[in-house]
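Peer 1: Residue numbers (UniProt numbering): 1 to 390. Yeah, the Cβ is synthetic: ideal placement off N, Cα and C, and Gly gets one too.
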Amino acid sequence: MLQAKSQAGRLTTLANLTRNEIYQLRKKTTFFCPVCQERVIIKAGMKMIPHFAHHSNSHCPSNEGGEGAYHEQGKLLLYKWLLQQKMNAQLEAYIPEIRQRADILLIINQKKIAIEYQCARIPITEIQKRNAAYKKAGITPIWILGANHFQRQGKHKIRVNDFILHLMHQFHPSRPLTLYFFDPNTTLFTTAQDLWLTKQTQAMARLTFKKLASIRLTELFIPLFFEKPVLFHEWRVLKRQFRLRPNQARSGAELQWLRWLYQKGTHKDYLPSIIYLPISTQYVINIPPWNWQSRICLDWIHPLSIGATFHILHLAKGFQKYYNDQSQYTLISFVNNPIAEYLHYLYQLKFIEKVDKYRYRKLRDFDFYKNVEEAIRGDEQLMNQLILTF
């Protein structure tokens with residue numbers, strides 16, 4: 001806790017004071033938690049951000065624990081950054097009606113925004129609980145991850161996990177999926193926008209890196225998308241890696257998929273090029289894109305005769321077990337249907353046509369390959385076609 005209240009009711013932020021001033025306060029002044037009114041103690045060692053702490057037997061609702069120096073430093077820097085922009089910002093603001101404390105509470109034109117600077121991994125249920133409470137109070141939450149959660153894996157690729165994905169923002173359906181990261185040690189602010197999951201642990205993203213002092217709050221909301229040729233060019237590389245990847249399955253799900261392909265009389269190297277295409281809402285499906293897309297093609301469309309129809313609702317019902325609960329993504333305004341998004345590719349490439357709102361008709365068969373070299377050539381041709389089509 002960076003702030004506490006004196007007996008006179010005055011808020012004090014220790015990090016703004018000199019060591020000598022803190023020493024004098026420790027001798028002469030008693031401080032209290034602004035939330036629970038319990039007495040708190042000053043912590044001001046040489047290797048930590050000066051702060052206040054509750055006693056070990058405290059039951060204060062705002063006493064969350066686990067906030068190390070990295071988190072405290074980042075929170076303080078973000079708060080000062082907002083003040084420098086003449087923002088109405090409150091540090092560690094307690095919101096009594098929801099019994100919750102925001103790291104920073106912003107008020108802009110009567111609109112309230114809670115900024116959560118999250119360095120420790122917390123349960124997804126806690127994220128959902130906090131966001132639901134903010135929504136109830138009419139407050140918009142913005143979560144900024146500590147840079148300890150940022151792992152770059154290429155020019156446009158970052159490592160993700162279930163925790164990180166539940167902190168993606170989408171402020172409007174027309175806006176890109178967005179993640180925010182901040183490193184208090186370097187003061188580098190990283191924005192990852194227009195996220196496309198390549199697998200369950202990796203995403204492509206438009207990355208920007210800026211020093212905190214060089215940007216304003218409003219710049220965080222300027223949308224950036226991949227140009228489609230860039231997206232499809234990068235995906236062409238991913239498809240090549242997918243084809244050349246050894247077939248030794250490292251997980252149970254992948255092994256089951258390879259066995260399923262064998263039962264279907266085919267192999268990863270022979271699959272049609274329309275399998276493993278980028279889907280913006282891949283995050284709501286709990287298996288990799290090549291897995292579920294191959295099931296749509298091989299289980300549902302390939303067995304149909306040309307001219308036969310199928311219903312997207314029947315298809316979606318058969319895929320329910322592969323869906324995550326979409327209501328878990330509490331920072332996303334609207335979730336598109338990933339199956340409809342995939343069928344749109346097949347429609348654009350003239351494998352199917354739309355009969356009505358829910359029904360499609362098969363127009364032609366998929367091309368299976370005889371070897372990996374032929375498959376790679378086919379993949380490149382398809383991705384080049386997508387660049388021209390979209």
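What does a CB cutoff of less than 6 Å around residue 398 pick up in its chain, not counting 5 residues either side in sequence?
Peer 2: Outside the shown range of the chain (1 to 390) lies residue 398, about which nothing can therefore be said.
Peer 1: Should the segment 360-376 be regarded as contacting the segment 219-231, the criterion being three or more beta carbon pairs within less than 8 Å?
Peer 2: Contact between the segment 360-376 and the segment 219-231 is absent, with fewer than three C-beta pairs closer than 8 Å.
Peer 1: Under the rule that 16 or more other beta-carbon atoms within 10 Å means buried, what is Y117, buried or exposed?
Peer 2: Here residue 117 refers to the residue found at position 117 when the sequence shown is read from its first residue. Of the other Cβ atoms in all chains shown, 16 or more fall within 10 Å of the Cβ of Y117; this residue is therefore buried.
Peer 1: To the nearest angstrom, report how far apart L244 and K157 are at their CA atoms.
Peer 2: Within the sequence shown, the letter at position 244 stands for residue 244. Within the sequence shown, the letter at position 157 stands for residue 157. So the two alpha carbons sit approximately 19 Å from each other.
Peer 1: Who are the Cβ neighbours of T29 in its own chain at under 7 Å, not counting the five residues just before and after it?
Peer 2: Taking the first residue of the sequence shown as position 1, residue 29 is located at position 29. Excluding residues within five positions, the ones whose Cβ falls inside 7 Å are S6.
Peer 1: So what does DSSP say about N88, is it helix, strand or coil?
Peer 2: If you number the sequence shown from 1, residue 88 lands on position 88. Strand.
Peer 1: Could you pull the DSSP bridge partners for D299 from this structure?
Peer 2: For the purposes of this step, residue 299 is taken as residue 299 along the sequence shown, with counting starting at 1. According to DSSP, which records beta bridges pairwise, D299 is partnered with nothing at all.
Peer 1: Which residues bound the beta strand (DSSP E) around D194?
Peer 2: In the sequence shown, residue 194 corresponds to position 194, counting from 1. Run containing D194: 188-199, per the beta strand (DSSP E) assignment.
Peer 1: Where DSSP assigns a beta bridge to M204, which residues make up the other side?
Peer 2: What you label residue 204 is simply residue 204 of the sequence shown in a count that begins at 1. Answer is K157, W196.
Peer 1: Evaluate K239 with the Cβ neighbour count: other Cβ atoms within 10 Å of its Cβ, from every protein chain shown; 16 or more gives buried, anything less gives exposed.
Peer 2: The residue labelled residue 239 in the question sits at position 239 within the sequence shown. Label assigned to K239: buried.
Peer 1: According to DSSP, which residues form a beta bridge with L145?
Peer 2: One-based indexing of the sequence shown puts residue 145 at position 145. Per the DSSP secondary-structure output, L145 pairs in a beta bridge with Q118, F181.
Peer 1: Measure from the alpha carbon of L224 to the alpha carbon of each residue in I352, I41, R259, R175, then state which is nearest.
Peer 2: On the sequence shown, position 224 is the one that residue 224 refers to. Answer by Cα proximity: R175.
Peer 1: Any idea which residues DSSP pairs T12 with across the strands?
Peer 2: In the sequence shown, residue 12 corresponds to position 12, counting from 1. Answer by DSSP bridge pairing, in chain order: A4.
Peer 1: In terms of residues, what are the limits of the beta strand (DSSP E) holding K354?
Peer 2: Your numbering for residue 354 matches position 354 in the sequence shown. Its beta strand (DSSP E) spans residues 352-354.
Peer 1: Determine the direct distance from the alpha carbon of K80 to that of Q90, and round the result to whole angstroms.
Peer 2: Taking the first residue of the sequence shown as position 1, residue 90 is located at position 90. Taking the first residue of the sequence shown as position 1, residue 80 is located at position 80. So the alpha carbons of these two residues sit roughly 10 Å apart.
Peer 1: Give the secondary structure of V284 by DSSP, where H, G and I count as helix, E and B as strand, and everything else as coil.
Peer 2: As a first step, residue 284 is located in the sequence shown; it is residue number 284 there, counting from the start. Helix at V284.
Peer 1: Just to check my reading of the structure: Q166 and I142 have Cβ atoms closer than 8 Å, yes? What is that Cβ distance to the nearest angstrom?
Peer 2: As a first step, residue 166 must be located in the sequence shown, where it is residue number 166. As a first step, residue 142 must be located in the sequence shown, where it is residue number 142. The sequence as given places His at residue 166; Gln does not occur at that position. Beta-carbon to beta-carbon, H166 and I142 are separated by about 14 Å, too far to satisfy the 8 Å threshold.
Peer 1: Buried or exposed for A253, please, with buried defined as at least 16 other CB atoms from any protein chain shown within 10 angstroms of its CB.
Peer 2: Against the sequence shown, residue 253 aligns to sequence position 253. Answer is exposed; the Cβ neighbour count stays below 16.
Peer 1: Let's see if you can read the secondary structure: which residues bound the alpha helix (DSSP H) around V40?
Peer 2: Mapped onto the sequence shown, residue 40 falls at position 40. Note, V40: premise wrong, no alpha helix (DSSP H); beta strand (DSSP E) at 39-43.
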